[in-house]
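If you read the sequence shown in this note's numbering, its first letter stands for residue 214, the second for the next number, and so on. Ideal placement from N, C-alpha and C gives every residue a C-beta, glycine not left out. Reviewing the structure listed below.
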Amino acid sequence: GNNSLSGDLVGLTKKIDQKILSANWSRSTHRRRVNDNNPGTEGHVQHATDSMQSLLGYNHFEGDWSERNSTTYHVVIIFGKPLINDQVTIEFANRIRTLAKLLKEEPEFRPSLICFTGGVSPGNYVSDASAGYLFFRHLCASQSIPINDIQTKMWVDPGSSDEREAMEVIASELWRNHIKLWLHESPAIERLNRHYGVEWTVLERKIDIHFTLVSTEYHLCNMNDVHHRSPGKSFLQPLVSLRGLVASDRWNNEDFASDSGYYSDTLKRKSTRTGQTAFRGIENSVDTTWSFHYGTYPFLHGNDEAVVFLGQCYLLGEELTPLLVNMKGVVEQTEFFQRDNYLLLSSIRRSLVSLVEALYTEKGQSIRAGVIKHFQSHGSNRLTKEDVKIIVVLESALLNLGRCIDLVKPAGLLVSSVPASTWSRALDALEKSMNNIISVCDPDQPLEATEWGKLCHEDGNVI
214 GNNSLSGDLV GLTKKIDQKI LSANWSRSTH RRRVNDNNPG TEGHVQHATD
264 SMQSLLGYNH FEGDWSERNS TTYHVVIIFG KPLINDQVTI EFANRIRTLA
314 KLLKEEPEFR PSLICFTGGV SPGNYVSDAS AGYLFFRHLC ASQSIPINDI
364 QTKMWVDPGS SDEREAMEVI ASELWRNHIK LWLHESPAIE RLNRHYGVEW
414 TVLERKIDIH FTLVSTEYHL CNMNDVHHRS PGKSFLQPLV SLRGLVASDR
464 WNNEDFASDS GYYSDTLKRK STRTGQTAFR GIENSVDTTW SFHYGTYPFL
514 HGNDEAVVFL GQCYLLGEEL TPLLVNMKGV VEQTEFFQRD NYLLLSSIRR
564 SLVSLVEALY TEKGQSIRAG VIKHFQSHGS NRLTKEDVKI IVVLESALLN
614 LGRCIDLVKP AGLLVSSVPA STWSRALDAL EKSMNNIISV CDPDQPLEAT
664 EWGKLCHEDG NVI
């Protein structure tokens, strides 16, 4: 009897999960056809674990900047990457080059605003945003990429410490200095309303803002995954919050609603049978959309085996970000644990085990030596100056990942519930593992001075 009951509960839980996931993706227009050639086939929900496929699917169905109408205001957000010794790194330069190439290859793409994000990272005096802006300006000048300073404004956010804070600051900047102006520029359309025989008119002004988010592929995949898996903690939530009706008195400016003679004329002309005015004022509304414009992670396709090894480990650590966000929500009791994350956790640990085991092979000796040489040549990572350190730290990361898996296993396998204290321990183990991986495995280095001003590396590929 108990086995039957357990089976029924498992089946019911799976159906509930499918319904929730289907609803979430439906709201986000993330539907694909099982077979596009068969119009009779029902649409199915795209599997969210394939992060890149999910991101590309989002871009396909939402559309990028080129599929917006001519009245849309375009805003670019380029995400910073921590500097090394106050220098722009190879990966950060790749993000900026991705935007520069878009501006050079698409003359019609002229955003109203370009935002650079990133505060002062540990060990630096200059903010990531400021350094990125200077690199971008230098690159555009070197490549003769025209920037009309009247048409395209620049904004640098040197204070944000993470993506969520950066988005909140950008949203605030838009409210203060841009949305009001854009609404003024938007034509007002008269709309007649009727309710229980009473008629009145309003004037509608609406603006559409499309955000082009520029970063490395793994970074944007994490943003997209977190937004759909943990919407309450989504880095993109501030962009969603911009949507909706905007009160005319938001800026405490009375003339905002009457800056045209047309509005006052309308007020005088419109009246009901009782003689009272039927003009109900102006409705201002904002709608926001976004698409992802990514640069390829630059450390997986080189000839240096040690750099490729580091890049593979680093991406595995970054891939844990959506799981980290979900587990924080569980600890804070604002989310349920998503069992797909248990499978993801196990899969990432297996992949990391394979990479670490490779270090013990004959080929692994040259990889370890290459890792030491890579970091010593730049002096940017003290943990790998000894051959044993990289193994010790990665073994520690594996140990913590294994501990995390063991702690959440009952929930992941639907065996039993997990106490709150155990979730806290699992979160601590996950954070330690991610810190282990990221602290020693990021192969990023300062961009060489000879590479400034170039859109591509000397071999013709974007770095």
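Item, Value
"Report the option in T285, E304, L268 whose CA atom is closest to the CA atom of L660.", "E304"
"Please report the distance separating the alpha-carbon of T311 from that of E545.", "37 Å"
"Measuring CB to CB, does D370 end up less than 8 Å from T330?", "yes"
"Whose C-beta lies closer than 6 Å to the C-beta of F677 among residues of the same chain, with five residues either side of it excluded?", "The question about residue 677 has no answer, for the chain in this structure spans 214 to 676."
"Since I believe L426 is in contact with H506 (beta carbons under 8 Å), could you give me their beta-carbon distance rounded to a whole number of angstroms?", "7 Å"
"Tell me which same chain residues have a C-beta within less than 6 Å of the C-beta of I196, skipping the five on either side of it?", "Because the chain spans 214 through 676 in this model, residue 196 falls outside it and cannot be assessed."
"Under a three-way DSSP split, which group does Q589 fall into?", "helix"
"From R616 to R638, what distance separates their C-alpha atoms?", "9 Å"
"Grab the span of the beta strand (DSSP E) containing L668 for me, first residue to last.", "Premise fails: L668 is in no beta strand (DSSP E) and is neither H nor E."
"In whole angstroms, give me the CA-to-CA distance for L612 and S646.", "8 Å"
"Out of E398, I585, V621, Y431, which has the shortest C-alpha to C-alpha gap to D517?", "I585"
"Who are the Cβ neighbours of W368 in its own chain at under 8 Å, not counting the five residues just before and after it?", "L326, I327, C328, F329, I383, E386"
"List in chain order: all unbroken alpha helix (DSSP H) runs of 4+ residues lying wholly within the stretch 377 to 439.", "392 to 398"
"Quick one: is T397 buried, meaning 16 or more other Cβ sit within 10 Å of its Cβ, or exposed?", "Checking the sequence, you will find His at residue 397 rather than Thr. The residue in question, H397, is exposed, as its Cβ has fewer than 16 Cβ neighbours within 10 Å."
"Give me the Cα-Cα distance between K622 and Y555, rounded to the nearest whole angstrom.", "7 Å"
"Take L316 as the anchor and find which of V653, R350, Y409 has the nearest alpha-carbon.", "R350"
"Could you compute how far the alpha carbon of I420 sits from the alpha carbon of F550?", "38 Å"
"Return helix, strand or coil for G332, following the three-state DSSP convention.", "coil"
"Look at the alpha carbon of Y527 and the alpha carbon of I422, and state the distance between them as a whole number of angstroms.", "34 Å"
"What is the DSSP secondary structure of Q658, counted as helix, strand or coil?", "coil"
"Using the Cβ count rule (16 or more neighbours within 10 Å means buried), how would you classify M540?", "buried"
"Can you give the Cα-Cα distance for E664 and K446, rounded to whole angstroms?", "38 Å"
"Checking the sheet assignment: what are the DSSP bridge partners for F505?", "L426"
"Could you compute how far the alpha carbon of R407 sits from the alpha carbon of W413?", "7 Å"
"Run through DSSP, which three-state label would H287 get?", "strand"
"Are I495 and E532 touching if we call contact CB-CB under 8 Å?", "no"
"Can you grab the Cα-Cα spacing for the pair S343 / S334, in whole Å?", "12 Å"
"By the DSSP assignment, the beta strand (DSSP E) with L458 in it spans what residues?", "457 to 459"
"Excluding the five sequence neighbours on either side, which residues of its own chain have a C-beta within less than 8 Å of the C-beta of Q300, listed in chain order?", "A344, P659, L660"
"Would you decide whether V628 is buried or exposed? Buried here means 16 or more other CB atoms lie within 10 Å of its CB.", "exposed"
"For L234, count neighbouring Cβ atoms within 10 angstroms of its own Cβ and tell me buried if that reaches 16, exposed if not.", "The pLDDT assigned to L234 is 45, lower than 50, so where the model puts this residue is not dependable; a value taken from the coordinates is nonetheless given after this. Buried, by the Cβ-count rule."
"Quick check on the DSSP output: the alpha helix (DSSP H) that includes D553 runs from which residue to which?", "552 to 571"
"Checking 8 Å against the spacing of the C-beta atoms, do N337 and L394 come in under that value?", "no"
"Considering Cα atoms alone, identify which of P400, D362, S630, I604 is closest to G577.", "I604"
"Is the beta carbon of G666 closer than 8 Å to that of L347?", "no"
"When DSSP labels each residue in this structure, what does K738 get in the three-state scheme?", "Because the chain in this structure spans residues 214 to 676, residue 738 falls outside the shown range and cannot be described."
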